[in-house]
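Student: In my numbering, the protein residues as written are 23 to 242. Glycine residues also receive a C-beta, built at the ideal position from the N, C-alpha and C atoms. I am attaching a structure below and will ask some questions about it afterwards.
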Amino acid sequence: MRISELSRRSGVPITTIKHYLREGLLPPGRPTSATQAEYGEPHVRRLRLIRALIGVRGLSIDETREVLKAVSENEADPHQVLGLVLGARPPVLAGEDTGENAAEGTGESSRERPPGTADTDALLAEMGWEVSEHAPAKSVVAETLATLRSLGVDYDWRSLVPYAALAERTATLDLDQLADTADPLEQAERALLLTVLLEPALLALRRLAQEAESARRYGD
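As structure tokens, then:
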């Protein structure tokens, strides 16, 4: 297909596609003349993923480039690909050192862990969840528990176990919606859209359910 058809199929303007080509986000098409090239389905899927990374997840061009490089190196592993596009795993490329190994050389590995980390580790162990050491969500849980404790609220990881069980069921529903495609780029785009765009709706549903439950318990 020509670039005009690629634009129509992907929903990305031609000028933006050319920008992505210049920036190295999108691989070049097969040249058919001095000024034209032919593109295929992989370009459509990659463009949709680029659009989701930039427009939905809010990554910069440089950050998107690094994620896409890492995705290309791990394309045969759907678990790694999903972790990369969702931000659960850093885009470490082949031959690069990880943050953990770098810390060993600088003494950073011996630094005191942030407050709440032990609670988060205990929660993960209780649930039997194996997650990336660098998953940003771990820090969110740790910081939230530490803040609650600093405010005198008696709330630890055990209080989160019922919520974690609900989250586990939600994750099952999320990944079930990826089962009808085996293409890793399409899975990654769909997972990113469902995760980022559905989160406000899920929070809103919690608020609505709280209101309904409050009315049931305390209403006239």
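#1: Under 8 Å: do the segment 74-82 and the segment 52-60 share three or more Cβ pairs, one atom per stretch?
#2: Can you give the beta carbon distance from residue 48 to residue 36, rounded, assuming they're within the 8 Å contact cut?
#3: Quick one, are the C-beta atoms of residue 34 and residue 73 less than 7 Å apart?
#4: Going along the chain, which residues of its own chain have a beta-carbon closer than 8 Å to the beta-carbon of residue 183, five neighbours each way excluded?
#5: Could you tell me the distance, in whole angstroms, from the CA atom of residue 217 to the CA atom of residue 176?
#6: Could you tell me if residue 237 is buried or exposed, where buried requires 16 or more neighbouring beta carbons within 10 angstroms of its beta carbon?
#7: Assuming residue 206 contacts residue 97 under a Cβ cut-off of 8 Å, what Cβ separation, rounded to an integer in Å, is found between them?
#8: How many whole angstroms separate the CB atoms of residue 212 and residue 225, which I take to be in contact at a CB cut-off of 8 Å?
#9: Taking the alpha-carbon of residue 41 as reference, which of 25, 173 and 52 has the nearest alpha-carbon?
#10: When you compare each of 107, 171 and 159 to residue 137 by their alpha carbons, which one comes out closest?
#11: Closest to residue 208 by CA distance: which of 187, 140 and 104 is it?
#12: Which class does residue 60 belong to by DSSP, given the choice of helix, strand or coil?
#13: Specify, as a first and last residue, the run of the alpha helix (DSSP H) that residue 48 falls within.
#14: Exposed or buried, what is residue 94 when buried is set at 16 or more other beta-carbons lying within 10 Å of its beta-carbon?
#15: Taking residue 196 as the reference, which of 139, 43 and 108 has the closest Cα?
#16: Can you list, in chain order, the residues of its chain whose CB lies under 7 Å from that of residue 100, leaving out five sequence neighbours each side?
#17: By the three-class DSSP mapping on this structure, what secondary structure does residue 199 have?
#18: Got a sec? Which residues, its chain only, sit under 7 Å from residue 215 by beta carbon, not counting five neighbours each side?
#19: Along the chain, which unbroken stretches of the alpha helix (DSSP H) at least 4 residues long are found entirely within the segment 152-178?
#20: Here's the rule I'm using: 16 or more other beta-carbon atoms within 10 Å means buried, otherwise exposed. How should residue 151 be labelled?
Tutor: Taking the structure as given:
#1: Two segments are said to touch when three or more pairs of C-beta atoms, one from each, lie closer than 8 Å; by this definition the segment 74-82 does not touch the segment 52-60.
#2: For the purposes of this step, residue 48 is taken as residue 26 along the sequence shown, with counting starting at 1. For the purposes of this step, residue 36 is taken as residue 14 along the sequence shown, with counting starting at 1. Residue 36 and residue 48 do not touch by the CB rule: their CB atoms are close to 12 Å apart, not below 8 Å.
#3: On the sequence shown, position 12 is the one that residue 34 refers to. On the sequence shown, position 51 is the one that residue 73 refers to. Against a cut-off of 7 Å, the Cβ pair of residue 73 and residue 34 comes out as a contact.
#4: As a first step, residue 183 must be located in the sequence shown, where it is residue number 161. 145, 148 and 149, listed in sequence order.
#5: Position 195 of the sequence shown, counted from the first residue, corresponds to residue 217. Position 154 of the sequence shown, counted from the first residue, corresponds to residue 176. C-alpha separation (whole angstroms): 30 Å.
#6: Taking the sequence shown and counting its residues from 1, one reaches residue 237 at position 215. That one is exposed.
#7: On the sequence shown, position 184 is the one that residue 206 refers to. On the sequence shown, position 75 is the one that residue 97 refers to. About 5 Å separates the two Cβ atoms, so the contact holds.
#8: As a first step, residue 212 is located in the sequence shown; it is residue number 190 there, counting from the start. As a first step, residue 225 is located in the sequence shown; it is residue number 203 there, counting from the start. Not really, about 21 Å apart at Cβ, beyond 8 Å.
#9: What you label residue 41 is simply residue 19 of the sequence shown in a count that begins at 1. Taking each of 25, 173 and 52 in turn and checking the Cα distance to residue 41, the smallest one comes out for 25.
#10: Position 115 of the sequence shown, counted from the start, is the residue given in the question as residue 137. Of 107, 171 and 159, the residue nearest in Cα terms is 171.
#11: Numbered from 1 along the sequence shown, position 186 holds the residue referred to as residue 208. For residue 208, the closest of 187, 140 and 104 by C-alpha to C-alpha distance is 104.
#12: Locating residue 60 in the sequence shown gives position 38, where the first residue counts as 1. DSSP places residue 60 within a strand segment (E or B) once states are collapsed to three.
#13: Your numbering for residue 48 matches position 26 in the sequence shown. Premise fails: residue 48 is in no alpha helix (DSSP H) and is neither H nor E.
#14: Taking the first residue of the sequence shown as 1, we reach residue 94 at position 72. Taking every protein chain shown into account, the CB of residue 94 has fewer than 16 other CB atoms within 10 angstroms, so this residue is exposed.
#15: On the sequence shown, residue 196 is found 174 positions in, with the first residue counted as 1. Considering only 139, 43 and 108, the residue with the shortest C-alpha distance to residue 196 is 108.
#16: Position 78 of the sequence shown holds residue 100. Excluding its 5 nearest sequence neighbours in each direction, residue 100 has C-beta neighbours in its own chain below 7 Å: 206 and 209, listed in chain order.
#17: As a first step, residue 199 must be located in the sequence shown, where it is residue number 177. In the structure shown, residue 199 sits in coil (DSSP, three-state: anything other than H, G, I, E or B).
#18: Here residue 215 corresponds to residue number 193 of the sequence shown, with the count starting at 1. 74 and 78, listed in sequence order.
#19: Listed in chain order, the alpha helix (DSSP H) elements of length 4 or more contained wholly in the segment 152-178 are 158-172.
#20: What you label residue 151 is simply residue 129 of the sequence shown in a count that begins at 1. Here residue 151 is exposed, its C-beta having fewer than 16 other C-beta atoms within 10 Å.
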